[in-house]
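Visitor: Could you have a look at this structure, given as structure tokens, before my questions?
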Amino acid sequence: MKIEDMSVLVCDDSMFARKSLCMFIATLGVKNIFEAADGKEAVEKFAENRPDVVFMDIVMPVVTGIDALKQIKDTDPAAKVIMASSVGTQSHLKEAIKAGATDFLQKPVSNDQVKKIIENISKGVL
Amino acid sequence: MFSQFFGGYLLNSELVTKEQLTKALDEKKNTRMRLGVLAINEGLMTAEQVEHVNVTQQTVDKLFGDLAVDLGYLKPSDVDDLLHKQPTDYLLLGQTLVNSGVLSNADFEKAINEYKKKLALNDDDISGDQSEKLSVLVNEFYHFNTAENAKLYTNYTTLLFKSLIRFIGDDFTPLEASVTRSIAAERTVRQDITGAYSGVTMIACGKAEYSMFSKRFAKEAYIAAEEFDDASSGEFLNVCNGLYAVNESNEFGTEISLTPLTFTKGETLELGRECFSIPVQFTFGEVEFVISF
Chain C
2 MKIEDMSVLV
12 CDDSMFARKS
22 LCMFIATLGV
32 KNIFEAADGK
42 EAVEKFAENR
52 PDVVFMDIVM
62 PVVTGIDALK
72 QIKDTDPAAK
82 VIMASSVGTQ
92 SHLKEAIKAG
102 ATDFLQKPVS
112 NDQVKKIIEN
122 ISKGVL
Chain U
1022 MFSQFFGGYL
1032 LNSELVTKEQ
1042 LTKALDEKKN
1052 TRMRLGVLAI
1062 NEGLMTAEQV
1072 EHVNVTQQTV
1082 DKLFGDLAVD
1092 LGYLKPSDVD
1102 DLLHKQPTDY
1112 LLLGQTLVNS
1122 GVLSNADFEK
1132 AINEYKKKLA
1142 LNDDDISGDQ
1152 SEKLSVLVNE
1162 FYHFNTAENA
1172 KLYTNYTTLL
1182 FKSLIRFIGD
1192 DFTPLEASVT
1202 RSIAAERTVR
1212 QDITGAYSGV
1222 TMIACGKAEY
1232 SMFSKRFAKE
1242 AYIAAEEFDD
1252 ASSGEFLNVC
1262 NGLYAVNESN
1272 EFGTEISLTP
1282 LTFTKGETLE
1292 LGRECFSIPV
1302 QFTFGEVEFV
1312 ISF
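Chains as they are written, first to last, in the working numbering: chain C, 2 to 127; chain U, 1022 to 1314.
Here you go:
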């Protein structure tokens, strides 16, 4: 799949974190980028748009990132969800992996890491 | 980080004023190191010898290094070594203060020697980034060792200053801390720590400083809007606290969680517990960090 044909969902309650990640992903050539400000909205946007990859924060109001991850994996076990959180503790890592996360990024997320993930999904190796 | 705390030391020792220091922090990026200050820092020349070379240079058309060799203060190999040394940040600050006439070479020599001696740090410690050494700086400045949960305060504050340098900029000076139970500020953002122990963390400052702080963190992604200022400053606090939580988990096996961020505008907040208020003077204004464990 070409990068420009990919679709990405970015879910973070911080407008700053969301906008800066979306801005960077757009520079990679991705045209279809969706945003969600909490876990509930993430689950809804996922069902609606079926993105190729989701970047998901953990600590969020309404529905947490972990709960949203579980709900997304329930509807689509093949969904690729990258957890991007400021709290990359051992317990959060274990919880995210147990719930089916594809990868875990510690905030502040580096552009290189995001680029690599997008490229790997484009090549079908993630 | 040595540079920022050295600035704080100069301020607390009343060798410089807050305004002089802020101006020097702003100007130091354009400062070129001179051999005299480097030689003083290395202990190769005294301030008096440097002044002698400077005065002689007014009548003799020679470079500082050549003249210092002629006068027998330095060996040619010393000059080569000094020329190849990368100037460290605190030396650039010292040089800027000397250039602007705020400090004399003798003041600088006395201050840097006393500060290094006080901290029992050598040059390798100063240029390095080992948390253990950095925590010496923090503890010496704030005397957290007298507080309950001293280690938590030291670890958190050390990480906070590293994060400020990494994400906001190095043009700041830590000011004396105080203990408070309430905060009055135009803007605040707060995140609490829960889990193995409880804690309060907060950024408090004026509206203009809040926008500048947010702009520095967001860089090119910055959007001039109050909502974005909250998002950006909040994300700084969240990232800083997240890194702290990861360190606590990895190093001590302590699991803590973070609460969602809360924001206030123009309120006086009763904190319900004793908190350390740590003001930091940036070149764009003062920002207060409030912590309690």
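From the three backbone atoms N, C-alpha and C, an ideal C-beta is built for every residue, glycine too.
(1) Taking 8 Å as the CB-CB cut-off, is U/Phe1249 touching chain C?
(2) Rounded to whole angstroms, what is the Cα-Cα separation between U/Thr1201 and U/Ile1277?
(3) Alpha carbons only, please: which of C/Lys117, C/Ser111, C/Asp68 is nearest the one belonging to C/Lys99?
(4) Express the C-alpha separation of U/Leu1196 and U/Lys1138 in angstroms, rounding to a whole number.
(5) Please report the distance separating the alpha-carbon of C/Thr65 from that of U/Glu1307.
(6) Which bits of chain C does U/Ala1068 rub up against, with CB to CB less than 7 Å?
(7) What number of angstroms, rounded off, separates the C-alpha of C/Lys117 from the C-alpha of C/Met61?
(8) Say whether chain C places a C-beta atom closer than 8 Å to the C-beta of U/Ser1315.
(9) Does DSSP put U/Glu1288 in a helix, a strand or coil?
(10) For U/Gln1025, is the classification buried or exposed, using 16 other Cβ atoms within 10 angstroms of its Cβ as the cut-off for buried?
(11) Please classify C/Lys46: is it buried, with 16 or more other beta-carbons within 10 angstroms of its beta-carbon, or exposed?
(12) What is the DSSP secondary structure of U/Asn1271, counted as helix, strand or coil?
(13) In its own chain, which residues sit with a C-beta less than 8 Å from the C-beta of C/Ser15, not counting the 5 before and 5 after it?
(14) Who pairs with U/Cys1296 in a beta bridge, going by DSSP?
(15) Between the alpha carbons of U/Val1260 and U/Asp1102, how many angstroms are there, rounded?
(16) In terms of residue numbering, what span does the beta strand (DSSP E) encompassing U/Thr1222 cover?
(17) State the beta-bridge partners of U/Gly1306 as determined by DSSP.
(18) From which residue to which residue does the beta strand (DSSP E) around C/Phe1 run?
(19) Does DSSP classify U/Phe1314 as helix, strand or coil?
(20) Using 10 angstroms around the beta-carbon of C/Val11, count the other beta-carbons present and answer buried if the total reaches 16, otherwise exposed.
(21) From U/Lys1050 to C/Ala18, what distance separates their C-alpha atoms?
(22) Report the neighbours of U/Ala1266 on chain C: residues whose CB is nearer than 9 Å to its CB, in chain order.
(23) Since U/Glu1291 and U/Ser1199 should fall inside the 8 Å C-beta cutoff, what is the C-beta to C-beta distance between them, to a whole number of angstroms?
(24) CB U/Gln1302 to CB U/Phe1193, shorter than 8 Å?
(25) Locate the alpha helix (DSSP H) running through U/Asp1099, then write down its first and last residues.
(26) Got a sec, what are the start and stop residues for the beta strand (DSSP E) C/Ser86 sits in?
(27) Return the CA-CA distance between U/Phe1129 and C/Glu36, expressed in angstroms with no decimal places.
(28) Would C/Met16 pass as an interface residue toward chain U - the criterion being a Cβ-Cβ separation below 8 Å?
(29) Take the Cβ of U/His1164 as the centre, count every other Cβ of all protein chains shown within 10 Å, and call the residue buried at 16 or more, exposed below.
(30) How far does the alpha helix (DSSP H) with C/Asp104 in it extend, from its first residue to its last?
(31) May I ask you to report which of helix, strand or coil DSSP gives U/Gly1064?
(32) Could you name the residues of chain D that U/Asn1259 contacts, counting a contact when the two beta carbons are closer than 9 Å?
(33) Can you say whether U/Arg1053 is buried or exposed, counting buried as having 16 or more other CB atoms within 10 angstroms of its CB?
(34) Please compile the residues from chain C whose C-beta is within a distance smaller than 8 Å of the C-beta of U/Ser978.
(35) Does the CB of U/Leu1031 have a neighbour CB from chain C at under 8 Å?
(36) Specify, as a first and last residue, the run of the alpha helix (DSSP H) that C/Ser92 falls within.
Guide: Taking the geometry as given:
(1) As a position in the second sequence, residue 1249 of chain U is number 228, starting the count at 1. Cβ-Cβ to chain C under 8 Å: yes for U/Phe1249.
(2) As a working note, residue 1201 of chain U is residue 180 in the second sequence. As a working note, residue 1277 of chain U is residue 256 in the second sequence. Looking at the two C-alpha atoms, the distance is approximately 24 Å.
(3) In the first sequence, the residue the question calls residue 99 of chain C occupies position 98. C/Lys99 has its Cα closest to that of C/Asp68, out of C/Lys117, C/Ser111, C/Asp68.
(4) For the purposes of this step, residue 1138 of chain U is taken as the residue at position 117 of the second sequence. For the purposes of this step, residue 1196 of chain U is taken as the residue at position 175 of the second sequence. Cα to Cα, the separation comes out at about 21 Å.
(5) Working through the first sequence from its first residue, we reach residue 65 of chain C at position 64. Working through the second sequence from its first residue, we reach residue 1307 of chain U at position 286. Taking the straight line from one Cα to the other gives about 35 Å.
(6) Here residue 1068 of chain U refers to the residue found at position 47 of the second sequence. Result: empty, since nearest Cβ-Cβ is about 43 Å, beyond 7 Å.
(7) Counting from one through the first sequence, the residue named residue 117 of chain C turns up at place 116. Counting from one through the first sequence, the residue named residue 61 of chain C turns up at place 60. Going by the C-alpha atoms only, they are around 25 Å apart.
(8) Here chain U comprises residues numbered 1022 to 1314, so residue 1315 of chain U is not present and cannot be evaluated.
(9) The residue labelled residue 1288 of chain U in the question sits at position 267 within the second sequence. DSSP places U/Glu1288 in strand when its eight states are reduced to three.
(10) The residue you call residue 1025 of chain U lines up with position 4 of the second sequence. Per the 10 Å Cβ criterion, buried.
(11) The residue labelled residue 46 of chain C in the question sits at position 45 within the first sequence. Under a 10 Å Cβ-count criterion, C/Lys46 is classified as buried, with 16 or more other Cβ atoms of the shown protein chains found around its own Cβ.
(12) The residue given as residue 1271 of chain U occupies position 250 in the second sequence. DSSP places U/Asn1271 in helix when its eight states are reduced to three.
(13) Counting from 1 along the first sequence, the entry for residue 15 of chain C is found at position 14. Around C/Ser15: Asp58.
(14) Position 275 of the second sequence, counted from the start, is the residue given in the question as residue 1296 of chain U. In the DSSP output, where bridge partners are listed per residue, U/Cys1296 has U/Thr1201.
(15) In the second sequence, residue 1260 of chain U corresponds to position 239, counting from 1. In the second sequence, residue 1102 of chain U corresponds to position 81, counting from 1. One C-alpha to the other measures close to 41 Å.
(16) Here residue 1222 of chain U refers to the residue found at position 201 of the second sequence. Unbroken beta strand (DSSP E) run through U/Thr1222: 1220-1226.
(17) Taking the second sequence and counting its residues from 1, the one referred to as residue 1306 of chain U is at position 285. Answer is U/Phe1303.
(18) Missing from the structure shown is residue 1 of chain C; chain C here goes from 2 to 127 and no further.
(19) Indexing the second sequence from 1 puts residue 1314 of chain U at position 293. If DSSP states are grouped into helix, strand and coil, U/Phe1314 belongs with coil.
(20) Taking the first sequence and counting its residues from 1, the one referred to as residue 11 of chain C is at position 10. By the neighbour-count rule (16 or more Cβ atoms within 10 Å), C/Val11 is buried.
(21) Counted from its first residue, the second sequence places residue 1050 of chain U at position 29. Counted from its first residue, the first sequence places residue 18 of chain C at position 17. Distance between the alpha carbons of U/Lys1050 and C/Ala18: 30 Å.
(22) Here residue 1266 of chain U is taken as the residue at index 245 of the second sequence, counted from 1. Here the neighbours are Ser87, Val88, Gly89, Thr90, His93.
(23) Residue mapping note: residue 1291 of chain U aligns to position 270 of the second sequence, counting from 1. Residue mapping note: residue 1199 of chain U aligns to position 178 of the second sequence, counting from 1. About 16 Å separates the two Cβ atoms, so there is no contact after all.
(24) To locate residue 1302 of chain U, count along the second sequence from 1; it is residue 281. To locate residue 1193 of chain U, count along the second sequence from 1; it is residue 172. Yes. Within cutoff.
(25) Along the second sequence, one-based indexing puts residue 1099 of chain U at 78. Residues 1097-1105.
(26) Locating residue 86 of chain C in the first sequence gives position 85, where the first residue counts as 1. Following the DSSP letters along the chain, one finds C/Ser86 inside the beta strand (DSSP E) bounded by residues 82-86.
(27) Stepping through the second sequence from its first residue, residue 1129 of chain U is reached at position 108. Stepping through the first sequence from its first residue, residue 36 of chain C is reached at position 35. Taking the straight line joining both Cα atoms gives about 54 Å.
(28) Position 15 of the first sequence holds residue 16 of chain C. Cβ-Cβ to chain U under 8 Å: yes for C/Met16.
(29) Along the second sequence, one-based indexing puts residue 1164 of chain U at 143. Exposed, because fewer than 16 other Cβ atoms sit within 10 Å of the Cβ of U/His1164.
(30) Position 103 of the first sequence, counted from the first residue, corresponds to residue 104 of chain C. Looking at the DSSP string, C/Asp104 is not in any alpha helix (DSSP H); the run it does join, the beta strand (DSSP E), is 104-107.
(31) Translated into the one-based positions of the second sequence, residue 1064 of chain U becomes position 43. The answer is coil: DSSP assigns U/Gly1064 none of H, G, I, E or B.
(32) In the structure shown, chain D does not exist; the protein chains are C and U.
(33) Stepping through the second sequence from its first residue, residue 1053 of chain U is reached at position 32. That one is exposed.
(34) Residue coverage of chain U in this structure runs from 1022 to 1314, which leaves residue 978 of chain U outside it and unanswerable.
(35) Mapped onto the second sequence, residue 1031 of chain U falls at position 10. It does not: the Cβ of U/Leu1031 has no partner Cβ on chain C nearer than 8 Å.
(36) Residue numbering aside, residue 92 of chain C sits at position 91 when the first sequence is read from its first letter. Counting along the chain, the alpha helix (DSSP H) containing C/Ser92 begins and ends at 91-99.
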